[in-house]
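A.B. asks:
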Ligand code: MN
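Numbering (the numbering used here), first residue to last: 1 to 681.
1. On the three-pair Cβ rule with 8 angstroms, is the segment 90–99 touching the segment 11–22?
2. Determine the contact status of residue 432 and residue 609, defining contact as a CB-CB distance below 9 angstroms.
3. Taking DSSP as the reference, what is the three-state secondary structure of residue 682?
4. Where in the segment 215–258 do unbroken runs of the alpha helix (DSSP H), each at least 4 residues long, occur, reported from the N-terminal end onward?
5. Let me check understanding here. Comparing Cα to Cα, which of 43, 324 and 35 lies closest to residue 55?
6. With distance defined between alpha-carbon atoms, name the residue in 579, 464 and 561 nearest to residue 751.
7. So, is residue 676 buried or exposed, given that buried needs 16 or more other C-beta atoms within 10 angstroms?
8. With DSSP as the reference, label residue 127 as helix, strand or coil.
9. Exposed or buried, residue 347, counting other C-beta atoms within 10 Å across all chains shown (16 or more means buried)?
10. Classify residue 590: buried if its beta carbon has 16 or more other beta carbons within 10 angstroms, exposed otherwise.
11. For residue 18, which three-state DSSP category applies?
12. Is there contact here, the segment 486–502 with the segment 600–619, by at least three beta-carbon pairs under 8 angstroms?
13. Grab me the residues of residue 23's own chain with a C-beta within less than 8 angstroms of its C-beta, minus the 5 sequence neighbours each way, in chain order.
14. Comparing alpha-carbon positions, which option in 357, 306, 434 and 365 lies nearest residue 333?
15. Who are the Cβ neighbours of residue 547 in its own chain at under 6 angstroms, not counting the five residues just before and after it?
16. Looking at the unbroken alpha helix (DSSP H) that takes in residue 9, where does it start and where does it end?
17. Taking only heavy atoms of the ligand MN into account, decide whether any of them is closer than 8 angstroms to the Cβ of residue 103.
18. So which residues put a beta carbon under 7 angstroms from any heavy atom of the ligand MN, going in chain order?
19. Which same chain residues, not among the five before or five after residue 225, have their C-beta less than 7 angstroms away from its C-beta?
20. For residue 391, which option in 479, 401, 357 and 452 has the closest C-alpha, if you only look at C-alpha atoms?
21. Determine, using beta carbons only, whether residue 662 and residue 554 come nearer to each other than 9 angstroms.
22. Do residue 259 and residue 403 come within 9 angstroms of each other at the CB atom, strictly closer than that value?
23. Using the beta-carbon count (16 or more within 10 Å), is residue 371 buried or exposed?
24. What is the DSSP secondary structure of residue 454, counted as helix, strand or coil?
25. Do the segment 62–79 and the segment 152–168 make contact, defined as three or more Cβ pairs closer than 8 angstroms?
26. How is residue 562 classed by DSSP in three states: helix, strand or coil?
27. According to DSSP, what are the bridge partners of residue 201?
28. Would you mind stating whether residue 585 and residue 599 have Cβ atoms separated by less than 9 angstroms?
29. Are the CB atoms of residue 703 and residue 363 nearer to each other than 9 angstroms?
30. Let me know the secondary structure DSSP gives residue 494 once reduced to three states.
31. Quick check on the DSSP output: what are the complete alpha helix (DSSP H) runs of length 4 or more inside the segment 654–681, in order along the chain?
32. With respect to the beta strand (DSSP E) encompassing residue 51, which residues constitute its N-terminal and C-terminal limits?
33. Where do the ends of the alpha helix (DSSP H) carrying residue 330 lie?
34. Could you check whether the Cβ of residue 134 sits closer than 8 angstroms to any heavy atom belonging to the ligand ADP?
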């Protein structure tokens, strides 16, 4: 199949099309260029063009680009285009080849990885490139398929930029950003003066914090916190996971007290080396990204870029804002006991020093300010905001009558953990478990959600036992968590496997279910199970189920089946039940368990669900399924300690103990051999 520049010439009448005819290319830079055209032709598509051997190798991509590595998009190889095409945009007249509007959608330089040269990689049918454009960043993968001579697949490689199915790195138009080196010593932007609370659609309003103004700079593997001399290892570590090669963020260093409120005294002590309480960097502005100076961009775009860059870590938090209404935020900030609100002109560029585009609105904390944490205060104002696609309703409805917790309290909790919990739900078919009248009312499970949910929620068709396929929802973004909470789905139940590999679980699970047995027995059995798993060379994870039991997870390397996971867990369960036969059993029939704890390995089945970490359970106390360190398995441990009130500060203090579930995927082969030896001990 020919794709040559001669084909390009043959297809076009250069008297009629404004497209360039191949000519002498001018002097080239060191790095090869890429360009993506948005081609609004008979069918809209995107043309990816890579400079190679004096021409632009081209692929037409009907579905465009997605940062979700699971989205594998068809890319049809088309004829080489002349280098002059890099700068072409215009209207190709009707009747001409490719008639329609051609605009430059992105442009930049690129680099071939893992191959000696681009042409060699193309010839071999597999090409990996790192793109450096304004929308496209990081590594992308092109693989030739066997479907047709021109068919390739294009998809995002798993790197720091990979994630949600968005089409640009930051979701922000970087046209106004300038390419330049990262600025070093910068004087921070400050409010020119103070003012009364006001409302104005051209302004946005942020919470002011008690803390230390600082700038966080990341340059490759080097992270510095400008303006602070003390060691801040936790921030440096967190900043390495930013979705950027280089970044400069403006914000404030804060240490929350035990009630979750910023404490200047604790911060001063930490910076003087007198305590080791974890720091939080509340970021409110992004001044630099990768190779772009963002300062000329409007504030709202810089904040959108900042939001996209921040990883889900408790050490780096986004300072959200309220558009237009200062009074509304002042009321919430008073209740939260914070010192001020900062008003900022939404379209203002970032400038050094005092600026009229920023104003401080001092706030006198309410007498009874103790009651509310920062996150809750923000949630109170969120229903009136237009950014989220979910409008909260019936916030005052009581969901936990004994404790008096409302639907609003449930939502406030999920607001706090939405970014985190999405990590454990992404791409998994999901059941809802709705309690529209609270935990003492009727509940119903729902899995076929076709007509129940808005269009923006992603779904996946799943075939079950020859039945017609069921359209399951997936929770792939924080707004879907908000939607679930607003639908009264107190907890929700994801599969253990993901879209694209529904027959291969990502983890194996042993469920310790006590029924009538005392929790101290569960603790002892969990300890034993953990010992065995560690002994056979695994690194299992532990969490409360949120109800009465404990869950033990083993993250699995790719390619194990549910049956293999179940057989392995059964072998472990049998060793445990043998060694602790007075308190543990693998007896399936409840009546025959004799008050012993059931060591359940049967959950490892296709279509079975297990609650994710950080989900709230519809039981007394509003308890949360909470990851634990193995060292926390002490006699005084009880699931009731972990609630919608205690879990957010625990996450702030301890980080996400379940993170290895996503990163530490383990091989079972050696463990199976060792376990077999143990069984015949
Ligand atoms: Mn085209």
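Don't be surprised by glycine CBs; every beta carbon is placed ideally from N, CA and C.
C.D. replies: Result, derived from the coordinates:
1. As far as the Cβ criterion goes, the segment 90–99 touches the segment 11–22, which means the pair count is three or higher.
2. Taking 9 angstroms as the Cβ cut-off, residue 432 and residue 609 do not qualify as a contacting pair.
3. Absent from the model: residue 682. The displayed extent of the chain is 1 to 681, so no value can be given.
4. Qualifying alpha helix (DSSP H) stretches, in chain order: 233–239.
5. Out of 43, 324 and 35, 35 has the C-alpha closest to the C-alpha of residue 55.
6. Here the chain has residues from 1 to 681 only, and residue 751 is not among them.
7. By the beta-carbon neighbour count (other beta carbons within 10 angstroms, threshold 16), residue 676 is exposed.
8. Strand, per DSSP.
9. Exposed, by the Cβ-count rule.
10. Per the 10 Å Cβ criterion, exposed.
11. In this structure, residue 18 counts as coil in the three-state DSSP scheme.
12. The segment 486–502, when compared against the segment 600–619, does touch it at the 8 angstroms Cβ threshold.
13. Once the five neighbours on either side are set aside, the close Cβ partners of residue 23 are 82 and 84.
14. The candidate whose alpha carbon is nearest that of residue 333 is 365.
15. So the list reads 617 and 619, once near-sequence residues are dropped.
16. Counting along the chain, the unbroken alpha helix (DSSP H) around residue 9 starts and ends at 5–10.
17. In this structure, residue 103 has its beta carbon at no less than 8 angstroms from each heavy atom of the ligand MN.
18. Ordered along the chain, the selected set is 37, 39, 41, 45, 47, 60, 78 and 98.
19. 214, 216, 232 and 235.
20. Considering only alpha carbons, the answer is 479.
21. Against a cut-off of 9 angstroms, the Cβ pair of residue 554 and residue 662 comes out as no contact.
22. No, the Cβ-Cβ distance between residue 403 and residue 259 is not below 9 angstroms.
23. Because residue 371 sits at a pLDDT of 45, beneath the cut-off of 50, its placement in the model cannot be relied upon, and the following sentence gives the value as read from the coordinates. By the neighbour-count rule (16 or more Cβ atoms within 10 Å), residue 371 is not buried but exposed.
24. Three-state result, residue 454: coil.
25. Yes: at least three Cβ pairs fall under 8 angstroms.
26. DSSP places residue 562 in helix when its eight states are reduced to three.
27. Per DSSP, none; premise fails for residue 201.
28. A Cβ-Cβ contact shorter than 9 angstroms links residue 585 with residue 599.
29. No answer is possible for residue 703: the residues shown for the chain start at 1 and end at 681.
30. Looking at residue 494 - three-state DSSP - the assignment turns out to be strand.
31. Whole alpha helix (DSSP H) segments, 4+ residues: 660–663 and 669–679.
32. Run containing residue 51: 44–52, per the beta strand (DSSP E) assignment.
33. Per DSSP, residue 330 belongs to the alpha helix (DSSP H) from 326–336.
34. Summarising the ligand content, the structure contains the ligand MN and does not contain the ligand ADP.
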